[in-house]
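Notes to accompany the following structure.
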Amino acid sequence: MLDPVLLSAISDLEFVARVTVEGALSGLHRSPFHGYSAEFSQYRHYRVGDDLKYVDWKLFARTDRIYTKQFRETTNVRMQIVLDASASMDYRSDAGASKLEYARMLGAALTHLVAGQGDAAGLTVYDDRIRSYLASRPGRSHLRAVLAQLANTDAQGKTASAAALRRAIDLLRSRGVLVLISDLLEDEESVDAELRRASRMGHDVSVFHVLTPDELEWRWGNDLELEDSETGRRVLSASAAGPEYQRRVEAFVERWRARCINAGVEYVLARTDAAPAHSLREYLLHRGHGALR
Amino acid sequence: MVWLLPAALTGLAAILGPLVVHLLRRQRARTVIIPTVRFIPTVDQSVVRVRRPADLLLLLVRMAIVASAALALARPLFLTDSRAQGWASRIARVAVVDVRNPRVVSLANEAAAAELSSATFSHRIDASQLEPALRQGSAWLNAAPPGRRELVVISDFRLGAIDESLLRGVDGTIGVRLIPVRVKGEATGEIAAGASLAPGFLFERRVRIDAAHTSAAFSRRPASIEGLSLLVSPEDQPDTSTLLRIVARAGAAAPSSTQPTVVRFAGGPPLSPHAKQTPQGWARDAALRLLKHADDTDLPITADVGGDGALLVDVNARPGTLVAAEALKAVLDAGQDPQQLSGQEIAHIPTENLEALGRPSPPADTSAWQRSDESDGRWFWLAALAWLGAEAWIRRARSSTVTVSEVDARAA
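Going down the list, the sequences are from chains X and Y.
Read in order, the letters of the first sequence correspond to residues 244 to 536 in this note's numbering.
Read in order, the letters of the second sequence correspond to residues 92 to 503 in this note's numbering.
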């Protein structure tokens with residue numbers, strides 16, 4: 244899997260997306276490109292790891308060979324990626340990709356993945372307001388539009404995920420896949436409420452919680468004034484505050500993990516020092532063998 | 092080493108400036124922008140803090156900059172032997188050019204140009220009166236940079252043009268040279284060598300004209316002329332001697348000692364119209380000449396001959412005025428034939444007298460360094476620049492930007 248720093252240096256987001264997706268799918272026994280649907284498509288030879296429920300036992304009895312059934316897609320997945328582009332996403336660890344760059348790569352990979360299987364993908368970019376909205380549509384031209392929008396997104400402003408989520412959910416209309424990519428550094432209750440609401444409405448909701456190593460581990464010594472990128476509030480760093488900081492951050496991550504589990508939301512902690520493909524792979528594995536429903 | 096502008100040394104107090112700034116200036120902790128500070132516990136610690144002792148070097152360098160600049164402004168001067176030799180080879184010269192006689196002005200200009208061009212520092216003063224010009228020249232030389240100093244007076248030096256009293260006002264450390272310039276062919280009757288020109292005395296000129304030749308003799312006399320009675324009011328007495336001196340310098344002939352002349356200075360209401368009497372003898376001729384001269388020149392003079400044969404002249408002017416001097420000169424000359432007098436009008440001070448009046452310029456006085464036109468302040472400016480460069484270098488080395496690597500290093 245390619246290093247996030249290397250990927251962030253590549254301007255061709257489509258290429259990055261393809262590489263990420265291929266890296267994520269490499270070694271997975273089940274392809275996410277084939278959804279399960281009622282309409283039979285073809286047979287293929289059984290491979291170790293294939294779900295046994297798709298094995299055609301009758302054919303095995305006749306031919307003495309094991310085949311698994313594949314189905315042509317009939318469902319049309321509508322994915323809406325909700326991307327946090329607030330100022331806090333601009334932060335990068337030393338010699339690493341910024342959170343926004345990492346989120347862009349994840350968003351591009353997901354879009355590429357969905358578009359590759361003929362489904363519809365859309366994009367909502369927000370900070371304290373919705374900065375741009377692309378409805379979920381299938382097709383390569385739309386894929387390029389989404390990738391272009393991702394490439395042109397920069398980080399600024401404060402964060403208001405709840406309002407953006409509400410708007411994206413309302414615009415999704417029918418049930419679909421909702422993916423929030425954010426550092427979630429805001430009012431947790433309101434975002435949690437919107438995620439629960441989306442889940443209750445039957446949407447398939449996922450959260451990529453993008454954080455840098457600097458945020459997850461205390462790295463600040465003394466003699467530094469730390470300024471909040473969104474509020475401008477300043478505090479002085481002190482080594483003595485390290486343990487308490489560590490405890491608070493871990494509680495923050497665990498709180499979000501628990502909130503998501505309780506709300507039936509897929510939660511992936513995406514560290515910017517890990518390959519995007521790794522985060523994507525983790526996501527696909529958690530979703531049940533890589534299938535996008 | 093001496094200081095040409097010691098008052099500027101008070102600027103050394105400015106070195107306390109950087110010290111005070113370093114003591115009082117508080118530096119904000121360097122700022123790093125991070126996504127959020129919500130997880131960072133508040134610690135009881137001031138955001139600002141006093142500079143650490145690591146800046147002591149910077150402080151010292153900044154104090155050195157200020158000190159060097161203050162010392163440079165005080166215009167330091169190193170009194171070395173080579174500098175003293177340099178001063179000894181220089182000369183500051185003032186040329187006072189007497190422009191009263193237009194016929195010698197061009198010659199005086201040439202002489203002045205030659206004198207000024209050979210001087211290191213020079214100044215020219217055109218004078219219609221020598222006394223203030225000499226004062227002015229002395230003042231200029233007293234302010235001139237160190238070096239030999241010389242006052243050169245260029246004039247035709249007519250009789251009475253200069254004397255010891257005038258030169259007494261010139262500083263003794265200033266050399267004096269009197270350069271006579273004279274037009275060829277001009278009558279150059281001279282008074283006898285050794286005659287004094289001290290004030291309070293008159294030079295009586297006795298002119299002898301006979302069939303064979305014309306000669307003139309001069310003698311020094313107190314400020315009273317035999318045969319001449321001046322009648323002035325008591326309050327005008329102090330002006331009388333001045334009047335006589337002015338008239339004597341103008342080259343007027345003395346009256347006859349045998350036939351007295353009485354001059355009455357009125358200084359009050361106008362005198363009566365010209366007397367119409369017909370005087371007798373010498374006094375008569377003189378009175379007629381005076382009356383004619385008064386008519387020609389509008390001098391307020393009336394003349395008459397007394398019963399004792401004395402020439403009586405009334406001058407309607409105060410003794411201290413130029414009109415009075417002019418009138419008195421007319422009276423003194425009235426007994427002489429004007430045509431014969433004209434040849435005696437030009438009399439010059441003998442060259443040997445002029446040489447005696449002059450004095451060589453003494454060697455340059457190194458104690459006059461206060462007037463130096465040069466200083467060694469440039470070395471201190473260079474030092475200040477060097478310190479400034481060092482300060483910039485130290486500051487750049489101290490204030491590099493904070494990177495996460497540095498933060499990691501600090502944390503480690």
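Even for Gly, the Cβ is constructed at its ideal location relative to N, Cα and C.
*Smallest Cα separation from Y/LEU150: which of Y/ARG184, Y/ARG166 and Y/VAL111?*
Cα-wise, what sits closest to Y/LEU150 is Y/VAL111.
*Chain-ordered chain Y contacts of X/TYR345 [CB-CB under 9 Å]*: Listed along chain Y, no residue sits closer than 9 Å to X/TYR345 by beta-carbon distance, the nearest being about 13 Å off.
*Whole-angstrom Cβ separation of X/GLY339 and X/THR474, contact assumed at under 8 Å?*
Contact between X/GLY339 and X/THR474 is ruled out by a C-beta separation of about 24 Å, above the 8 Å threshold.
*Counting only runs that start and end within the segment 394 to 430 of chain Y, where is the beta strand (DSSP E) found for 3 or more residues in a row?*
As summarised for the segment 394 to 430 of chain Y, the continuous beta strand (DSSP E) elements at least 3 residues long and confined to that stretch are 402 to 406, given in chain order.
*asked:* By the three-class DSSP mapping on this structure, what secondary structure does Y/VAL272 have?
replied: Coil at Y/VAL272, not helix or strand.
*Sub-9 Å separation of X/ALA403 and X/GLU432 beta-carbons*: Against a cut-off of 9 Å, the Cβ pair of X/GLU432 and X/ALA403 comes out as no contact.
_Close beta carbons around Y/ARG450, own chain, < 7 Å, minus the five adjacent residues each side_ = Contacts found: GLY266 and VAL267.
*Residue interval of the beta strand (DSSP E) (run including Y/THR122)*: In the DSSP assignment, Y/THR122 falls within the unbroken beta strand (DSSP E) covering 121 to 125.
_Just to confirm my understanding: we take Y/ALA204, look at its own chain, exclude 5 residues before and 5 after, and list those with CB closer than 7 Å. What are they?_
Its chain contains no residue whose beta carbon lies nearer than 7 Å to that of Y/ALA204 once the 5 sequence neighbours on both sides are disregarded.
*Which residues, taken in chain order from the segment 485 to 502 of chain X, show a beta carbon closer than 8 Å to some beta carbon of chain Y?*
Listed in sequence order: GLU487, TYR488, ARG491, VAL492 and PHE495.
_From the DSSP secondary-structure annotation, give me the bridge partner or partners of X/LEU512._
Beta-bridge pairing links X/LEU512 to X/HIS452.
*Out of curiosity, what's the CA-to-CA distance linking X/ALA391 and X/TYR510?*
One C-alpha to the other measures close to 26 Å.
*At a Cβ threshold of 9 Å, is X/ASP426 touching chain Y?*
By this cut-off, X/ASP426 is an interface position.
*Got a sec, what are the start and stop residues for the alpha helix (DSSP H) X/GLU437 sits in?*
Residues 431 to 443.
*Y/LEU95 (DSSP reduced to helix, strand or coil)*: Here Y/LEU95 sits in coil by DSSP.
*Would you verify that the beta carbon of Y/ILE485 is, or is not, closer than 9 Å to some beta carbon of chain X?*
Using a Cβ-Cβ cut-off of 9 Å, Y/ILE485 does not count as an interface residue toward chain X, since no Cβ of chain X sits closer than that to its own.
_Counting only C-beta atoms, is X/THR455 closer than 9 Å to chain Y at any point?_
Yes, X/THR455 counts as interfacial toward chain Y.
_Residue range of the alpha helix (DSSP H) that includes X/GLU493_ = Counting along the chain, the alpha helix (DSSP H) containing X/GLU493 begins and ends at 485 to 506.
*Per DSSP, what kind of secondary structure is X/LYS342 in: helix, strand or coil?*
Shown here, X/LYS342 sits in a helix according to DSSP, grouped into three states.
*Give a yes or no on whether the C-beta atoms belonging to X/ASP203 and X/ARG416 are separated by under 9 Å.*
Here chain X comprises residues numbered 244 to 536, so residue 203 of chain X is not present and cannot be evaluated.
*Mind pulling the alpha helix (DSSP H) runs of 4 or more residues that sit fully within the segment 334 to 402 of chain X?*
The segment 334 to 402 of chain X contains these whole alpha helix (DSSP H) runs: 342 to 359 and 383 to 394.
*What residue ranges within the segment 227 to 257 of chain Y form continuous beta strand (DSSP E) runs of no fewer than 3 residues, ordered along the chain?*
With a minimum length of 3 residues, the continuous beta strand (DSSP E) runs that stay inside the segment 227 to 257 of chain Y are 239 to 246.
_Nearest-angstrom Cβ-Cβ length linking Y/ILE125 and X/TYR334, presumed shorter than 8 Å_ = The beta-carbon distance between Y/ILE125 and X/TYR334, rounded to whole angstroms, is 6 Å. This is short enough to meet the 8 Å contact definition.
*Can you give me the Cβ contacts of X/GLY365 inside the same chain, cut-off strictly under 6 Å, excluding the 5 residues immediately before and after it?*
Hits under 6 Å: GLN323, LEU377, ALA378 and SER379.
*Determine the extent of the alpha helix (DSSP H) in which Y/THR442 is found, giving its start and end residues.*
Annotation: the continuous alpha helix (DSSP H) that includes Y/THR442 extends over 442 to 448.
*Residue interval of the beta strand (DSSP E) (run including X/MET332)*: Boundaries cannot be given for X/MET332, as no beta strand (DSSP E) includes it and DSSP labels it neither H nor E.
*Any residues in the segment 460 to 487 of chain Y with a beta carbon nearer than 7 Å to a beta carbon of chain X? Which ones, in chain order?*
Under the 7 Å Cβ criterion, the segment 460 to 487 of chain Y contributes no residue.
*Does X/TRP463 come within less than 9 Å of chain Y when only Cβ atoms are used?*
Yes, X/TRP463 lies at the interface with chain Y (some Cβ there is under 9 Å from its Cβ).
_Separation of X/VAL448 from Y/VAL138, as counted between CA atoms_ = Low confidence applies here, because Y/VAL138 scores a pLDDT of 46, under 50, leaving its location unreliable and the question unanswered by this model.
*Buried versus exposed, by CB contacts within 10 Å (16 or more), X/ALA352*: For X/ALA352, the number of other beta carbons within 10 angstroms of its own is at least 16, and it is reported as buried.
_Distance between X/THR515 and X/SER341 (C-alpha atoms, nearest Å)_ = Their Cα atoms are separated by approximately 7 Å.
*Could you tell me which chain Y residues have their CB closer than 9 Å to the CB of X/GLU458, listed as they occur along the chain?*
Residues of chain Y whose Cβ lies closer than 9 Å to the Cβ of X/GLU458 are, in chain order, ILE125, PRO126, THR127 and PHE130.
*Backbone CA spacing between X/PRO381 and X/ALA358 [nearest angstrom]*: X/ALA358 has its alpha-carbon roughly 6 Å from the corresponding atom of X/PRO381.
*Specify whether the segment 409 to 422 of chain Y and the segment 390 to 398 of chain Y touch according to this definition: at least 3 beta carbon pairs, one from each stretch, less than 8 Å apart.*
Between the segment 409 to 422 of chain Y and the segment 390 to 398 of chain Y, the count of Cβ pairs shorter than 8 Å is three or higher; the stretches touch.
*To the nearest angstrom, how far is it from the Cα of Y/ASP405 to the Cα of Y/ARG249?*
Approximately 30 Å between the Cα atoms of the pair.
*Are the C-beta of X/SER331 and some C-beta of chain Y separated by less than 9 Å?*
X/SER331 counts as touching chain Y.
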